[in-house]
């Protein structure tokens, strides 16, 4: 399958309650994990197909990226796997899940050097996130989807979520985001201000705009809750409104 030109990067802005494109369908095939440094002036993006992590200058005032460069190249550094999900620690080092690689890598965002490789009991390591009361536990997800029967027998814990402790660092608290309520993330939204409650889009519009890029479930973040949708044969149905804990 020719996947060139199928990857784009968007950002969401509360000014328009819509998505704006930052990288427009270039040669990339799979844009993946995203993270920012503590100063919020650098954005890092994993490109799985090319096995690289990009670094961008980031303007927090307008939410724009510029000056792309390669921070870390998996092939040039002779490390196994491909970059997937990733998270930042308090020291501005990336922790990168390596699908097809069995590792989580710690990479310096200052000079792009590999600091540490943590071996995992599954080949396909898919994402990472910091958790726990002190944000000092690295939760690591994995997959068994691409394993054959023999590989599944050899990796009985593939598909599990792992908790890695004792890494000597921790994550940062996530940033809050000001975004619109359900129904605003589309052109021609009938709202007078961002965040105003509006009617959800009709099923026909939801299918046309969102189903090509969604599968299973989708969530709209709200100021005080998360609105979950589930899809059945192309028909969205609101199923749950969960308040923040």
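Numbering (full-length UniProt numbering), first residue to last: 1 to 245.
Virtual Cβ for every residue (Gly too), placed ideally from N, Cα, C.
Whole-Å CB distance - residue i paired with residue j, under 8 Å assumed
i: residue 48; j: residue 82; result: 5 Å
i: residue 89; j: residue 170; result: 6 Å
i: residue 246; j: residue 136; result: No answer is possible for residue 246: the residues shown for the chain start at 1 and end at 245.
i: residue 122; j: residue 155; result: 5 Å
i: residue 38; j: residue 172; result: 7 Å
C-alpha distance - residue i paired with residue j, whole-angstrom precision
i: residue 44; j: residue 19; result: 19 Å
i: residue 98; j: residue 79; result: 9 Å
i: residue 131; j: residue 150; result: 33 Å
i: residue 143; j: residue 104; result: 14 Å
i: residue 11; j: residue 55; result: 16 Å
i: residue 13; j: residue 152; result: 43 Å
i: residue 58; j: residue 95; result: 20 Å
i: residue 164; j: residue 60; result: 32 Å
i: residue 41; j: residue 17; result: 23 Å
i: residue 159; j: residue 67; result: 37 Å
i: residue 65; j: residue 76; result: 25 Å
i: residue 117; j: residue 111; result: 17 Å
i: residue 175; j: residue 126; result: 22 Å
i: residue 69; j: residue 102; result: 26 Å
i: residue 23; j: residue 177; result: 21 Å
i: residue 62; j: residue 9; result: 16 Å
i: residue 100; j: residue 133; result: 31 Å
Per DSSP, cross-strand counterpart(s) of residue i
i: residue 142; result: 125
i: residue 247; result: Because the chain in this structure spans residues 1 to 245, residue 247 falls outside the shown range and cannot be described.
i: residue 59; result: 64
i: residue 251; result: Missing from the structure shown is residue 251; the chain here goes from 1 to 245 and no further.
i: residue 265; result: In this structure the chain extends from 1 to 245, so residue 265 is not present and cannot be described.
i: residue 171; result: 89
Whether residue i touches residue j by CB criterion (8 Å)
i: residue 128; j: residue 161; result: no
i: residue 74; j: residue 107; result: no
i: residue 86; j: residue 33; result: yes
i: residue 30; j: residue 7; result: yes
i: residue 124; j: residue 146; result: yes
i: residue 115; j: residue 138; result: no
i: residue 46; j: residue 84; result: yes
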